[in-house]
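Trainee:
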Amino acid sequence: MLPTMLQRLYAASDLLDGFNPFDELGFTLTRDFEVFRQFVSDGGPVPSALETRLSQARHDATIADALKRFLKDVGRPLVGFMGGHAAKRNSPAFADIAKLAWSVAQDGYLIVTGGGPGVMEAAHVGVAFSRNGMDDLERALANLAATPDYGDLDDLFENDGSLKKSKRKDVMAARDWLAAALDVRSAAPSTLPLSLAIPTWLYGAEPTMPFATHYAKYYQNSLREEALVNNSRAGIIYGRGGGGTLREIFQDVERNYYAKDAENFTPMIFFDRGGYWLRSAVYERGKVTSYGLKLDETVPEILKFGICSRLSPDEAALRPFLDKLTFTDDVSVIKDVLAKHSGVAKRNMSFALAGESFRIPTLRMNRA
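The sequence shown begins at 2 in this note's numbering and counts up by one.
1) With the cut-off set at 8 Å, would you say V105 and L296 are in Cβ contact?
2) Ignoring anything shorter than 3 residues or poking outside the region 48-107, list the beta strand (DSSP E) runs there in chain order.
3) When the Cα atoms are used, what is the spatial distance from T214 to P314?
4) Considering only C-alpha positions, which residue in the set K73, K336 and E25 is nearest to K398?
5) Hey, G116 and G84 are a contact pair by Cβ (cut 8 Å); roughly how many whole angstroms apart?
6) Do you know offhand how far D161's Cα is from S42's?
7) Could you give the uninterrupted runs of the beta strand (DSSP E) lying entirely in the region 293-365, keeping only those of 3 residues or more?
8) Apart from the five residues just before and just after E226, which ones in its own chain have a Cβ nearer than 8 Å to its Cβ?
9) For N367, collect the residues of the same chain with a Cβ closer than 6 Å to its Cβ; drop the 5 residues on either side in sequence, then sort them by chain order.
10) Can you tell me which residues form a DSSP beta bridge with I237?
11) On the DSSP bridge list, what partners appear for L164?
12) In this structure, what does DSSP give as the bridge partners for E285?
13) Which one or two residues does DSSP pair with V113 in a beta bridge?
14) If you compare alpha carbons, which of K325, K69, T29 and A181 is closest to A235?
15) What does the alpha-carbon distance come out to for the pair L111 and A129?
16) DSSP three-state label for Y204, please.
17) Alpha carbon to alpha carbon, how far is G240 from A124? Give it in angstroms, no decimals.
18) Can you tell me the Cα-Cα spacing of R70 and A102, whole angstroms?
19) Please name the residue or residues paired with Y216 in a DSSP beta bridge.
20) Report back the beta-carbon spacing between D61 and Y219 to the nearest angstrom; my notes put them in contact at under 8 Å.
21) Would you tell me roughly how many angstroms separate the C-alpha atoms of E159 and F306, rounded to the nearest one?
22) In chain order, what residues of the same chain have a beta carbon less than 7 Å from the beta carbon of A355, not counting five sequence neighbours either side?
23) Considering only the alpha carbon of each residue, which of G293, E285 and W278 lies closest to T327?
24) Between which two residues does the alpha helix (DSSP H) containing K261 stretch?
25) Secondary structure at F37, three-state DSSP: helix, strand or coil?
26) In whole angstroms, what separates the C-alpha of A96 from that of R140?
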């Protein structure tokens, strides 16, 4: 079991302790992987033993309390970066997110992600080098690009908990992926700029990256998703992603659907220089030949319906809501949207950490 009795969030060193880059199976030697293996053996998200369920619940409650204390101590508005784990390190999407996070972090926001690879790792890389020049970040991205992915870590174990022989090559790829990340991490400042990762052992097949300063790692993904969306009060930036990202988008849509006024409508920013959110996918013989998830009409329509059905605003009153919903790759526009909301974000975060009521009727929502 990991050191939750310390009453703090994890550090990368807690999770990655035991890693051996010189062992072919060095990736499986981390404490993080040991917990994941036990999590799978115990039944995954629905463990069969009551004592296991209670132990996991105590762990997650401890993490939730440590997260609350951390956010209170930091006192900075949180900007979430959400997106898929599949974005490779050598892809334009990865570099674009890293450079955006590099810029946003310089405005004093605390960046939070789901703590995995892909878009999530890219955001933390950007923060890690946010006190350095762009040349240093680009050098880091080039070094990471040489080890673009980590193999397929799904379905790793035999029934007895041992590693499947057929997955050995993938585990070696994950070792190389993590070793490359640690090498790049060593080139960053010894004391990293603050950033927060909120991962889960449910997605243990998504390896932990080492670029965040604090990790609120949960057993239960539902608690993790609540923490991600609810705490990102300064706004959420969505890089390209799939099913998990869509879940987060529509959690955010649900929250904004019930906003009582434009001030408390949280910014939703859809960012991808390749136009991922602006076009539909192209298919050929059942295969996707061009990726895209067109949401630039669906999401505004849902939110307009929610706002108008409750508040009946005229066009002038509706505009401030929808101005916080943007599909753009213009960094200056993104930073302007975040800046206009940052004061409200700080105030609402203070309400949350003090246990006071929000100005959004969360009791009517699934994430109450």
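Don't be surprised by glycine CBs; every beta carbon is placed ideally from N, CA and C.
Mentor: Answer, in terms of the structure:
1) The Cβ atoms of V105 and L296 do not sit closer than 8 Å to each other.
2) Given a length threshold of 3 residues, each whole run of the beta strand (DSSP E) inside the region 48-107 is given here in chain order: 79-83.
3) Note on geometry: alpha-carbon atoms of T214 and P314 lie some 43 Å from one another.
4) The structure shown has nothing for residue 398, since the chain only spans 2 to 369.
5) For G116 against G84, the beta-carbon gap comes to about 12 Å, at or over 8 Å, which does not count as contact.
6) Between D161 and S42, the C-alpha separation is close to 8 Å.
7) Counting whole runs of 3 or more residues, the region 293-365 contains the beta strand (DSSP E) stretches 326-328.
8) Closer than 8 Å at Cβ, skipping near neighbours: R248, E249 and Q252.
9) Since pLDDT at N367 reaches only 35, below the 50 mark, its modelled position is unreliable, and no value is offered.
10) DSSP, once it has assigned bridges, lists G81 and M269 as partnering I237.
11) BP columns for L164 point to F158.
12) Beta-bridge partners of E285 (DSSP): K288.
13) When DSSP reads this structure, V113 sits in a beta bridge with G81 and L197.
14) Comparing alpha carbon positions, the residue from K325, K69, T29 and A181 closest to A235 is K325.
15) The straight-line gap from Cα to Cα measures roughly 12 Å.
16) Correct three-state label for Y204: helix.
17) A124 and G240: Cα-Cα distance of roughly 10 Å.
18) One C-alpha to the other measures close to 24 Å.
19) Beta-bridge partners assigned by DSSP to Y216: Y11 and A198.
20) Contact holds; Cβ gap of about 5 Å.
21) Their backbone Cα atoms lie some 49 Å apart in a straight line.
22) A distance below 7 Å between beta-carbons, with the five flanking residues on each side excluded, links A355 to no residue of its chain.
23) It is W278 whose Cα lies nearest to the Cα of T327.
24) For K261, no alpha helix (DSSP H) encloses it, and the DSSP letter there is neither H nor E.
25) Collapsing the DSSP output to three states places F37 in a helix.
26) In a straight line, the C-alpha of A96 is about 11 Å away from that of R140.
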